[in-house]
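S.K.: Residue numbers (the working numbering), protein chains in the order written: chain D, 239 to 362; chain S, 2 to 378.
In structure tokens form, the structure reads like this:
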């Protein structure tokens, strides 16, 4: 399945009922050099739109929201040791957390790649 | 936006756009917060070679005594610094204070003959100039200088600038000189005030020049392979690592020079004379100690503690707040400054920073966070 996107610049990649979540390449380019990442611990329940992770650049701190409801199954601990991975590979190795979805129908509210590309174009 | 107060641009605005600067509103101006190199790269480049900053939004003015008096002596009625003792072409850092010892602004004052050259913060300049003019009415006149101001900072700054303006080589830290710079077109020379000072902890200069020639100067400096343009983002991380205060954050009307740990800028003569606004408060604080004091704080983990973060004792007692905090690219970790009670202000005192609801261990440290690299005489 291809990636889905939120207006908060997160991407979601679904595998079965587990979604991998990261921030988009556009988001990392806007943040600038990432110097700190805090990812959620496994077992935490999050609702759609809840604060789930933190990403900080030299300039400022930003929240990463849960794009969908569910239970955190894994946080990407590697980012805490190497936050620059978010800048280097936001779409793959820079993923933030994996989420076991409570309600897969929430996916329908997210954008596909083309819609997200249009959304970003509007912002510039 | 306030229609009475439209946002302004410096003479280098078009150059910032051309260089790919990301523009943000700051102190009433549209300023570059970063260029394509990014905050981290710009910060590290400045510490390694030389960075060029547009600080034309800052206020520049010349104070001229009306009679036979010395403008520097007159100005001491508004600040606690040692100003009348300045030698020719020497500058000092001081504060405009309130009657209760609060800080209206921090500024640089340089002596040229009987006149004083002032550089004040952008956000305060209108209030500062009105305050100075009114307070010194009949004794001194303030001529506001509509000039651009560029800062060239970093270990290569001296070598780079000496190729354009050889007079800079004779200056030591906190010394200034007027020079004549032959424009690259070979037709004309322009007056430049070179001050060997800055806001990064590095050796460097501030260059005051007529607005119409500022872009030529900026382009000439940027043509040197060691020079990169630097935005406000790195300006902030550089000054924080250097332990320097940002007005409106680390110092303001509610803090005195004693509380801000800036008493090094108040010489003994001024303390004895006690003839500046807020002298009574300041002397009392010097004699009896302060209730709160600005300190450097080093978080022990990786999480930056931003402005407004609460500082607590290890037992959960509220101590104060972080006034500037972030990540230091040269330090390679988080750093902050804030106010704590005097009893907690000694280096190595353990404190907690409340970051997103969690207490993070941190300790009070002496500043600067990275060694200063000034060219002392």
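For glycine and all other residues, C-beta sits at the position ideal for the given N, C-alpha and C.
Since the model is a prediction, treat every value here as computed from it, not as a measurement.
1) Of all Cβ atoms in chain S, is any one closer than 8 Å to the Cβ of residue 315 of chain D?
2) By how many angstroms is the C-alpha of residue 148 of chain S removed from the C-alpha of residue 210 of chain S?
3) Beta-carbon of residue 257 of chain D versus every beta-carbon of chain S: anything under 8 Å?
4) Considering only residues of the same chain and omitting the five flanking positions on each side of residue 243 of chain D, which have a CB-CB separation below 8 Å?
5) Quick check on residue 323 of chain D: does DSSP put it in helix, strand or coil?
6) Grab me the residues of residue 17 of chain S's own chain with a C-beta within less than 6 Å of its C-beta, minus the 5 sequence neighbours each way, in chain order.
7) Which residues in the same chain have their Cβ closer than 6 Å to the Cβ of residue 35 of chain S, if we skip the five residues on either side of it in sequence?
8) Would you mind sorting residue 100 of chain S into buried or exposed? The rule is 16 or more other CB atoms within 10 Å of its CB.
9) Would you give the residue range spanned by the beta strand (DSSP E) that residue 310 of chain D belongs to?
10) If we define contact as Cβ-Cβ less than 8 Å, is residue 271 of chain D a contact residue for chain S?
11) Should residue 365 of chain S be flagged as near chain D, meaning a C-beta pair shorter than 8 Å?
12) Counting only beta-carbon separations shorter than 8 Å, does residue 297 of chain D have a partner in chain S?
13) Between which residues of its own chain and residue 286 of chain S is the CB-CB distance below 8 Å, once the five residues before and five after are set aside?
14) Of all the CB atoms in chain S, is at least one closer than 8 Å to the CB of residue 358 of chain D?
15) Whole beta strand (DSSP E) runs in the segment 262-341 of chain S with 3 or more residues, listed along the chain?
16) Below 8 Å on the Cβ atoms is my contact criterion, and I expect residue 339 of chain S with residue 321 of chain S to pass it. Report the Cβ-Cβ distance as a whole number of Å.
17) Using the Cα positions of residue 277 of chain D and residue 334 of chain D, report the straight-line distance between them to the nearest angstrom.
18) Any beta-carbon of chain D closer than 8 Å to the one on residue 73 of chain S?
19) At 3 residues or longer, what runs of the beta strand (DSSP E) sit wholly inside the segment 14-39 of chain S?
20) Got a sec: is the Cβ-Cβ distance from residue 274 of chain D to anything in chain S below 8 Å?
21) Let me make sure I understand the geometry here. Which of D:253, D:271, D:252 and D:246 has the alpha-carbon closest to that of residue 330 of chain S?
22) Report all residues from its chain with a CB closer than 8 Å to the CB of residue 105 of chain S; omit the five preceding and five following residues, and keep chain order.
23) Going along the chain, which unbroken runs of the beta strand (DSSP E) with 3 or more residues stay wholly within the segment 48-87 of chain S?
24) Would residue 158 of chain S count as contacting chain D if we go by Cβ distances under 8 Å?
25) Is it true that the CB of residue 161 of chain S sits closer than 8 Å to the CB of residue 262 of chain S?
26) At 7 Å on the CB atoms, spell out the chain D contacts of residue 161 of chain S, in chain order.
27) Below 9 Å between beta carbons is the criterion; list the residues of the segment 305-332 of chain S that meet it against any residue of chain D, in chain order.
28) What is the rounded straight-line gap between the Cα of residue 302 of chain S and the Cα of residue 45 of chain S?
M.R.: In this structure, then:
1) In the first chain, counting from the first residue as 1, residue 315 of chain D sits at position 77. Residue 315 of chain D does not count as touching chain S.
2) On the second chain, position 209 is the one that residue 210 of chain S refers to. On the second chain, position 147 is the one that residue 148 of chain S refers to. Separation of residue 210 of chain S and residue 148 of chain S (C-alpha to C-alpha, rounded to the nearest whole angstrom) is 6 Å.
3) In the first chain, residue 257 of chain D corresponds to position 19, counting from 1. So, not an interface residue.
4) Position 5 of the first chain, counting from 1, holds the residue named residue 243 of chain D. The answer, listed in chain order, is 249, 250, 262, 348, 349, 350, 351, 353, 354 and 357.
5) The residue you call residue 323 of chain D lines up with position 85 of the first chain. If DSSP states are grouped into helix, strand and coil, residue 323 of chain D belongs with the helices.
6) Against the second chain, residue 17 of chain S aligns to sequence position 16. Result list for residue 17 of chain S: 33, in chain order.
7) Taking the first residue of the second chain as position 1, residue 35 of chain S is located at position 34. Taken in chain order, the residues that qualify are 23, 232 and 234.
8) Mapped onto the second chain, residue 100 of chain S falls at position 99. Exposed, by the Cβ-count rule.
9) The residue labelled residue 310 of chain D in the question sits at position 72 within the first chain. Residue 310 of chain D -> beta strand (DSSP E) spans 308-313.
10) The residue labelled residue 271 of chain D in the question sits at position 33 within the first chain. Yes, residue 271 of chain D lies at the interface with chain S (some Cβ there is under 8 Å from its Cβ).
11) Locating residue 365 of chain S in the second chain gives position 364, counting from the first residue. No, residue 365 of chain S does not count as interfacial toward chain D.
12) For this step, residue 297 of chain D is matched to residue 59 along the first chain. Nearest CB-CB separation between residue 297 of chain D and chain S: below the 8 Å threshold.
13) Working through the second chain from its first residue, we reach residue 286 of chain S at position 285. If we look at residue 286 of chain S and ignore the five residues flanking it on each side, its Cβ neighbours are 102, 257, 259 and 260.
14) Locating residue 358 of chain D in the first chain gives position 120, where the first residue counts as 1. So, not an interface residue.
15) 293-300, 311-313 and 319-329
16) Position 338 of the second chain, counting from 1, holds the residue named residue 339 of chain S. Position 320 of the second chain, counting from 1, holds the residue named residue 321 of chain S. The C-beta distance from residue 339 of chain S to residue 321 of chain S rounds to 6 Å, short enough to meet the 8 Å contact threshold.
17) As a first step, residue 277 of chain D must be located in the first chain, where it is residue number 39. As a first step, residue 334 of chain D must be located in the first chain, where it is residue number 96. Rounded to whole angstroms, residue 277 of chain D to residue 334 of chain D spans 6 Å at the Cα level.
18) The residue you call residue 73 of chain S lines up with position 72 of the second chain. Output row for residue 73 of chain S: interface = no.
19) Counting only runs that start and end inside the segment 14-39 of chain S, the beta strand (DSSP E) elements of at least 3 residues fall at 23-27 and 30-35.
20) The residue given as residue 274 of chain D occupies position 36 in the first chain. With 8 Å as the cut-off, residue 274 of chain D counts as an interface residue toward chain S.
21) Taking the second chain and counting its residues from 1, one reaches residue 330 of chain S at position 329. Checked all of D:253, D:271, D:252 and D:246; the closest Cα to residue 330 of chain S is D:271.
22) In the second chain, residue 105 of chain S corresponds to position 104, counting from 1. The answer, listed in chain order, is 96, 97, 98, 99, 125, 128, 129, 132 and 254.
23) 51-55 and 60-66
24) Position 157 of the second chain, counted from the start, is the residue given in the question as residue 158 of chain S. Not one chain D Cβ lies under 8 Å of residue 158 of chain S.
25) Here residue 262 of chain S corresponds to residue number 261 of the second chain, with the count starting at 1. Here residue 161 of chain S corresponds to residue number 160 of the second chain, with the count starting at 1. Against a cut-off of 8 Å, the Cβ pair of residue 161 of chain S and residue 262 of chain S comes out as no contact.
26) Taking the second chain and counting its residues from 1, the one referred to as residue 161 of chain S is at position 160. The contacting residues do not exist; residue 161 of chain S stays about 25 Å from chain D at best.
27) 305, 307, 327, 328, 329 and 330
28) Here residue 302 of chain S refers to the residue found at position 301 when the second chain is read from its first residue. Here residue 45 of chain S refers to the residue found at position 44 when the second chain is read from its first residue. Near 22 Å, if we compare the C-alpha coordinates of residue 45 of chain S and residue 302 of chain S.
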